[in-house]
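Remarks on the structure that follows.
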Amino acid sequence: MMQHNDLARNRQPANRRNTAVRAGRKPKRSRKMMWLLIVAIAVIVWKGPEVLERAMPPSAPDVTEMHPVVAAKQADLVAAAAKKGIVILITDGLRTHSEQDALYRQGRGDSGQVVTTVKGGGSYHNYGLAIDFALRTSDNDVIWDLEYDGNGNGKSDWMEVVAIAKKLGFTWGGDWEDFPDYPHLQMDFGYSIHQLKRGERPPLK
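Heads up: the sequence shown begins at 1 in UniProt numbering, then just goes up one per residue.
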């Protein structure tokens with residue numbers, strides 16, 4: 001018959017063995033985690049540049065002049081309006097980011113009325129894809145009067161210019177519901193501001 005002391009001795013080695021097994025698993029788990037970390041670092045080093053290249057926007061030179069198609073259509077607009085007896089003045093074309101920021105401050109931090117809702121990089125002017133126009137009267141005054149009928153045909157000169165511009169492919173800012181911009185004409189060529197900010201550019205022809 002097994003004595004009480006023998007039973008105690010038999011139990012103790014079993015406990016010690018279990019403890020040793022449990023203790024022995026920790027280094028194996030740590031080594032496994034270490035190897036997984038090493039593999040992850042190796043993958044990042046190997047594939048990292050490729051992933052970053054895809055994530056970063058493509059580089060594009062700064063826009064320093066009007067898009068050639070927009071510039072040509074601008075000239076066509078001036079000529080077509082003149083045939084109707086309407087003299088227009090292009091008051092703005094390419095606009096730098098700093099110039100755009102200055103316009104954005106107008107009516108906010110600076111004096112004057114709010115004239116734009118976008119900061120530098122957020123306007124098609126910043127990419128040479130937009131123009132602003134005004135009317136020149138027979139007295140050589142520059143006006144932004146949507147009702148003015150200088151050629152006397154019973155129609156608004158302004159809206160006649162807009163109609164010509166739309167036929168040439170321009171989008172008119174006066175059609176915008178949230179913040180109408182009546183002097184504004186643009187050609188986006190299907191490119192969003194987000195794409196342009198990323199460095200994408202419409203073809204030059």
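The C-beta atom is built at its ideal place from N, Cα and C for all residues, glycine as well.
Excluding the 5 residues preceding and the 5 following ASP76 in the sequence, name in chain order all residues of the same chain whose CB lies nearer than 7 Å to its CB.
LEU168
Taking all protein chains shown into account, do 16 or more other C-beta atoms lie within 10 angstroms of the C-beta of GLU160, making it buried, or fewer, making it exposed?
Looking at its Cβ environment, which holds 16 or more other Cβ atoms inside 10 Å, GLU160 is buried.
ILE41 to ARG29, Cα distance in whole Å?
C-alpha separation (whole angstroms): 18 Å.
Rounded to whole angstroms, what's the CA-CA distance from residue 222 to PRO202? Just pull it up for me.
Here the chain comprises residues numbered 1 to 205, so residue 222 is not present and cannot be evaluated.
In whole angstroms, what is the alpha-carbon distance linking HIS194 and LYS32?
44 Å
Can you tell me which of the three DSSP states LEU103 falls into?
helix
Between the Cα of TRP148 and those of ILE38, VAL70, ILE88, VAL78, spot the shortest distance and give me the residue it belongs to.
Correcting the residue identity first, residue 148 is Tyr in this sequence and not Trp. For the residues ILE38, VAL70, ILE88, VAL78, the minimum Cα distance to TYR148 belongs to ILE88.
In its own chain, which residues sit with a C-beta less than 6 Å from the C-beta of LYS83, not counting the 5 before and 5 after it?
none
In the structure shown, what three-state DSSP assignment does ARG136 receive?
strand
Using 10 angstroms around the beta-carbon of SER138, count the other beta-carbons present and answer buried if the total reaches 16, otherwise exposed.
exposed
Using beta-carbon positions only, say whether GLU131 and GLY93 come within less than 8 Å of one another.
Checking the displayed sequence, the identity of residue 131 turns out to be Ile instead of Glu. It is a contact, given that the beta carbons lie within the stated cut-off.
Taking the alpha-carbon of ALA165 as reference, which of GLY150, ASN151, GLY152, PRO183 has the nearest alpha-carbon?
Of GLY150, ASN151, GLY152, PRO183, the residue nearest in Cα terms is PRO183.
Return the bridge partner residues of ASP110 from the DSSP annotation.
GLN106
Would you decide whether THR64 is buried or exposed? Buried here means 16 or more other CB atoms lie within 10 Å of its CB.
exposed
Put ILE86 into one of helix, strand or coil per three-state DSSP.
Three-state result, ILE86: coil.
Quick check on ARG108: buried or exposed, where buried means 16 or more other Cβ atoms within 10 Å of its Cβ?
ARG108 is classed as exposed because its beta carbon has fewer than 16 other beta carbons within 10 Å across all chains shown.
Identify the residues that DSSP records as bridge partners of ILE38: which are they?
DSSP lists no partner for ILE38.
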